[in-house]
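First up is the structure itself, then whatever we jot down about it.
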Amino acid sequence: MKATPNSLDLIGNTPLVLLKGPSEATGCEIYGKCEFANPGASVKDRAALFIVRDAEEQGTLKPGGTIVEGTAGNTGIGLALVGNALGYKTIIVMPETQSQEKKDTLRALGAQLVLVPAAPFSNPGHFVHTSRRIAEETDNAIWANQFDNIANRRAHIETTAEEIWDQMEGRVDGFTCAAGTGGTIAGVGLGLKARDENVTIALSDPHGAALYNYYAHGELRAEGNSVAEGIGQGRITANLDGAPIDTQFRISDEEGLVWVRRLLAEEGLCLGLSSGINVAGAVELAKQLGPGHRIATILCDTGFRYLSTLYNPVWMQSKGLPPMPWQLDKAD
Ligand code: PMP
1 MKATPNSLDL IGNTPLVLLK GPSEATGCEI YGKCEFANPG ASVKDRAALF IVRDAEEQGT
61 LKPGGTIVEG TAGNTGIGLA LVGNALGYKT IIVMPETQSQ EKKDTLRALG AQLVLVPAAP
121 FSNPGHFVHT SRRIAEETDN AIWANQFDNI ANRRAHIETT AEEIWDQMEG RVDGFTCAAG
181 TGGTIAGVGL GLKARDENVT IALSDPHGAA LYNYYAHGEL RAEGNSVAEG IGQGRITANL
241 DGAPIDTQFR ISDEEGLVWV RRLLAEEGLC LGLSSGINVA GAVELAKQLG PGHRIATILC
301 DTGFRYLSTL YNPVWMQSKG LPPMPWQLDK AD
């Protein structure tokens, strides 16, 4: 690899790894796109870069300006890094329920962090609405608006999908992931379908989200709940509008945790729960397609972001979830 003159070039072009356990369990080849290898350690660096570049091109983001966003954390981390690299300030609004690591990270990166109580989307205090208001009230500021700004999914049409296609040498039978904004599933779905319309695109929806029922029965209705951060959507965002979803699965936290645990213990990959849910979804898709197929999914972020939650046995037990077995003696 040659040296690059620009730190922003480090976003994207992430490795793709064959996941041995999921592949052996299904007789398929299941590949994980290593988005934790981005500078901000998540898939959201891509959307952050495309949103900022788009605002510059539109002329809405001017030198020395401020980027304001409401986020579960990872988009904020991406925006803070991209903002630092390009000379913009960042104000990040986040629900106070997100992991301590994300809050500490955002402050460490120099973002101004605004924490708000978790609230339904219909509540004006919801983090998304709060971030829009702050952007309107701040001089020389833009609202990144990741949910309804389709520069987000364009990042995945133009980069993630193309990379997966190249890395799998044009032989892709299926792709699946969960949705937060929907930028990844819609963008990779559209990008792969443009390459080959026969690629099956599957949504892996966590409990507590409304999209499974929407794609299965035409009705936005949520059931159950999940502790996974960054995923679980209750509406059709602009990024999800027109997403080419062929099939859908509902994946529980327990099913996702099986793969978080196995990928760490057996393959040395330390991941967050949305990655585990994606891999559980890829296993379901493999069962549906049958042995011999080639499937890709997203390893969204690093598990180091969840040491106080997923990898904390006391926290896991407080949520009624099984701690990592090797941490069991620390649980009581
Ligand atoms: N996993 C994690 C950990 C995330 O932070 C996000 C983004 N909110 C996603 C998955 C989902 O990505 P997208 O917003 O593209 O749907």
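For the sequence shown, UniProt numbering begins at 1 and goes up steadily by one. The beta carbon of each residue, even a glycine, is placed where N, CA and C say it ideally should be. Since we're looking at a predicted model, the values are computed, not measured.
Considering residue i, what are the terminal residues of the alpha helix (DSSP H) in which it resides?
i, result
"residue 50", "44-58"
"residue 100", "100-109"
"residue 77", "74-86"
"residue 213", "211-217"
Could you please give me the residues that DSSP links to residue i through a beta bridge?
i, result
"residue 250", "205"
"residue 31", "18 and 296"
State buried or exposed for residue i, treating a residue as buried only when at least 16 other CB atoms are found within 10 Å of its CB.
i, result
"residue 316", "buried"
"residue 50", "buried"
"residue 4", "exposed"
"residue 273", "buried"
"residue 347", "The structure shown has nothing for residue 347, since the chain only spans 1 to 332."
"residue 97", "exposed"
"residue 124", "exposed"
"residue 108", "exposed"
"residue 6", "exposed"
"residue 118", "exposed"
"residue 44", "buried"
"residue 314", "exposed"
"residue 233", "buried"
"residue 60", "exposed"
"residue 249", "buried"
"residue 265", "exposed"
"residue 156", "buried"
"residue 146", "buried"
"residue 1", "exposed"
"residue 217", "exposed"
"residue 320", "exposed"
"residue 204", "buried"
"residue 87", "exposed"
"residue 33", "buried"
"residue 74", "buried"
"residue 221", "exposed"
"residue 154", "buried"
"residue 301", "buried"
What span of residues does the beta strand (DSSP E) with residue i cover, start to end?
i, result
"residue 113", "112-116"
"residue 227", "Element bounds for residue 227: n/a, residue is neither H nor E."
"residue 90", "89-95"
"residue 66", "66-70"
Would you say residue i lies against chain B (beta-carbon separation less than 9 Å)?
i, result
"residue 105", "No chain B is part of this structure, which consists of one protein chain only."
Under 8 Å from any heavy atom of the ligand SAH, does the C-beta of residue i make it?
i, result
"residue 43", "Although the ligand SAH was asked about, the structure shown includes only the ligand PMP as ligands."
Practice problem: Would you list, in sequence order, the uninterrupted beta strand (DSSP E) runs of no fewer than 3 residues that lie entirely inside the region 125-202? | Solution: 141-143 and 174-177
Quiz item: Whole alpha helix (DSSP H) runs in the region 271-315 with 4 or more residues, listed along the chain?
Solution: 273-289
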